[in-house]
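To keep things clear, I will list the structure first and then write my remarks on it.
Residue numbers (the working numbering): 40 to 248.
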């Protein structure tokens, strides 16, 4: 029941924003979604399964959003460094607005949050920050590809906007820039605007001249 699953995840998200996850009851989530408690257990198996699915959905949406931010910046005429800075701005803004995303990026969960599944493959969004930087880089480059600025699997087109950068150079530059953005999520007291400028500078420095 895909529709029931999404409705249940929506209800769980509303619930965890209102009270600690430890205080969220399955019967209340089912009632808010308009389904039976048995349907909830059939979909997720347990409260832990529901929480892990909610974390996965929010992190997948977050990663997709980074790719969209890059694509939108590209369509506006931004160069690769500014596109990466747009992704950095998305990271910081979303981490500030969504506590579960912030918990996943910092690996600081606590009783207020559901926990990620943490599969053995390391694919889970609640994994170590280096893995998240790699996932963010992949989604950001996918945003470039969707914009038509970087052919899928091929070199970047020539011209001054791209400074002759190829796919490998972009991957290296974007991962470094996005790691900087993640560091500011972990240490927010350093501000949330300055790192976007730093991301731009780092990416420009790593792209071939």
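Every residue, glycine too, gets a C-beta built ideally from N, C-alpha and C.
Annotated three-state conformation of residue 220 is helix, per DSSP.
Where residue 123 is concerned, the enclosing alpha helix (DSSP H) starts and stops at 119–136. For a cut-off of 8 Å, the C-beta gap from residue 176 to residue 210 is around 6 Å, short enough to register as a contact. Within the model, the alpha-carbon separation for residue 180 versus residue 219 is close to 17 Å. Around the Cβ of residue 72, a 10 Å sphere holds 16 or more other Cβ atoms; the residue is buried. Burial is judged here by how many other beta carbons sit within 10 angstroms of a residue's own beta carbon; residue 184 has at least 16 and is buried.
Remark: C-beta atoms of residue 124 and residue 238 approach each other more closely than 8 Å. When secondary structure is reduced to three states using DSSP, residue 154 falls in the coil class, being assigned neither helix nor strand. Contact annotation: residue 216 and residue 127 have beta-carbon atoms nearer than 8 Å.
Setting aside the 5 residues that flank it on each side, residue 114 is surrounded in the same chain by 186, each with a C-beta closer than 7 Å to its C-beta; the list follows chain order.
Using a C-beta cut-off of 8 Å, the segment 65–80 makes no contact with the segment 105–113, since fewer than three inter-stretch Cβ pairs fall below that distance. With a contact defined as Cβ atoms closer than 8 Å, residue 48 and residue 93 qualify at about 5 Å. Sequence-distant partners of residue 173 (beyond 5 residues in either direction) whose C-beta falls short of 7 Å from its own C-beta, in its chain, are 214. In the three-state scheme derived from DSSP, where H, G and I count as helix and E and B as strand, residue 247 is classed as coil. Here residue 149 is exposed, its C-beta having fewer than 16 other C-beta atoms within 10 Å.
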